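Asker: Numbering (the working numbering), first residue to last: 40 to 231.
Positions of the beta carbon are idealized from the N, C-alpha and C atoms, including for glycine.
Please read all numbers here as calculations on a predicted model, not as lab measurements.
Sending over a structure as structure tokens; questions will come in a sec.
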């Protein structure tokens with residue numbers, strides 16, 4: 040189970056569970072000049088003050104979430120490693136359940152390609168940390184999602200992976216998408 044392996048390999052990662060649809064937002068840039076800094080937050084109601092990634096959960100599947108911070112993954116010298124914002128997975132995940140890594144980029148359209156490529160690297164890196172520790176098995180369906188909440192033209196087509204690369208990744212149970220929402224179908228699939 041994903042939850043058990045995370046607790047074994049990354050005991051400092053705090054898992055929060057939800058049984059409803061969630062909105063994932065990153066306030067880091069928006070609040071960087073304010074006295075009270077905010078970062079990634081998960082809400083059950085759509086925030087009025089920021090655009091968000093929406094995970095629709097009409098099935099009311101119990102899902103686990105972990106928000107990563109600068110100390111979530113470090114090298115041997117304690118330096119922060121590249122990572123995405125969060126991970127989401129079914130709380131009672133099986134060997135073939137889905138797991139979703141998400142990176143949010145609040146950028147203008149002109150910066151979308153550059154930010155998309157950076158986001159892809161961040162979700163891939165975080166996936167690799169979990170894969171290397173055995174949290175994710177070969178049968179898990181992995182969604183590497185980058186979201187550009189300020190952009191409406193989804194799915195985002197202007198990123199650097201070719202169709203042959205996407206097909207090769209899919210053969211390894213990895214799906215990379217640029218979208219602002221997804222839907223929980225069940226513990227095995229997301230509708231992306």
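Going by the beta-carbon positions, is the gap between residue 103 and residue 42 smaller than 8 Å?
Answerer: Counting from one through the chain shown, the residue named residue 103 turns up at place 64. Counting from one through the chain shown, the residue named residue 42 turns up at place 3. Yes, Cβ-Cβ distance for residue 103 and residue 42 is below 8 Å.
Asker: Is the CB of residue 213 under 8 Å away from at least one CB in chain B?
Answerer: No chain B is present in this structure, which holds just one protein chain.
Asker: If residue 52 sits next to residue 145, beta carbons under 8 Å apart, how far is it from one beta carbon to the other, in whole angstroms?
Answerer: If you number the chain shown from 1, residue 52 lands on position 13. If you number the chain shown from 1, residue 145 lands on position 106. In fact, because the Cβ distance is near 24 Å, the residues do not count as touching under 8 Å.
Asker: If you compare alpha carbons, which of 173, 57 and 226 is closest to residue 48?
Answerer: For the purposes of this step, residue 48 is taken as residue 9 along the chain shown, with counting starting at 1. Here the closest residue by C-alpha is 173.
Asker: By Cβ distance, which residues of its chain are closer than 7 Å to residue 205, with the 5 residues on each side in sequence left out?
Answerer: Translated into positions along the chain shown, residue 205 becomes position 166. Once the five neighbours on either side are set aside, the close Cβ partners of residue 205 are 215.
Asker: Name, in chain order, the residues that DSSP records as bridge partners for residue 128.
Answerer: One-based indexing of the chain shown puts residue 128 at position 89. Paired residues: 103.
Asker: Could you give the distance in angstroms between the alpha-carbon of residue 135 and the alpha-carbon of residue 212?
Answerer: For the purposes of this step, residue 135 is taken as the residue at position 96 of the chain shown. For the purposes of this step, residue 212 is taken as the residue at position 173 of the chain shown. Whole-angstrom Cα-Cα distance: 10 Å.
Asker: Tell me which residue opens and which closes the beta strand (DSSP E) that residue 85 is part of.
Answerer: Locating residue 85 in the chain shown gives position 46, counting from the first residue. From DSSP, residue 85 is part of no beta strand (DSSP E); its letter is neither H nor E.
Asker: Quick one: measure Cβ to Cβ for residue 112 and residue 168, integer angstroms, because I've assumed they're closer than 8 Å.
Answerer: Your numbering for residue 112 matches position 73 in the chain shown. Your numbering for residue 168 matches position 129 in the chain shown. Rounded, the Cβ-Cβ distance is 5 Å, consistent with contact.
Asker: Since residue 222 sits in a beta bridge, which residues does DSSP pair it with?
Answerer: Position 183 of the chain shown, counted from the first residue, corresponds to residue 222. BP columns for residue 222 point to 95 and 230.
Asker: In the DSSP output, which residue or residues are listed as bridge partners for residue 142?
Answerer: By one-based count along the chain shown, residue 142 stands at place 103. DSSP output for residue 142 lists 185 as bridge partner(s).
Asker: Skipping 5 residues on each side, what residues in its chain have a beta carbon closer than 6 Å to that of residue 128?
Answerer: If you number the chain shown from 1, residue 128 lands on position 89. 41, 103 and 138, listed in sequence order.
Asker: Please name the residue in 115, 219 and 116 whose C-alpha comes closest to that of residue 190.
Answerer: To locate residue 190, count along the chain shown from 1; it is residue 151. The shortest Cα separation from residue 190 among 115, 219 and 116 belongs to 219.
Asker: Just verifying my parser: in three-state terms, what is the DSSP assignment at residue 284?
Answerer: Because the chain is modelled from 40 through 231, residue 284 falls outside the range shown and cannot be assessed.
Asker: Is the beta carbon of residue 96 less than 8 Å from the beta carbon of residue 59?
Answerer: Counting from 1 along the chain shown, the entry for residue 96 is found at position 57. Counting from 1 along the chain shown, the entry for residue 59 is found at position 20. Yes.
Asker: Between residue 224 and the rest of its own chain, which residues show a CB-CB distance below 8 Å, the 5 nearest in sequence each way excluded?
Answerer: Looking up residue 224 in the chain shown gives position 185. Excluding positions up to five away in sequence, the list reads 98 and 230.
Asker: For residue 201, which of helix, strand or coil comes out of DSSP?
Answerer: Within the chain shown, the letter at position 162 stands for residue 201. Reduced to three states, the DSSP call for residue 201 is coil.
Asker: So, using beta-carbon positions, are residue 108 and residue 74 closer together than 8 Å?
Answerer: The sequence position of residue 108 within the chain shown is 69, counting from 1. The sequence position of residue 74 within the chain shown is 35, counting from 1. Contact: no.
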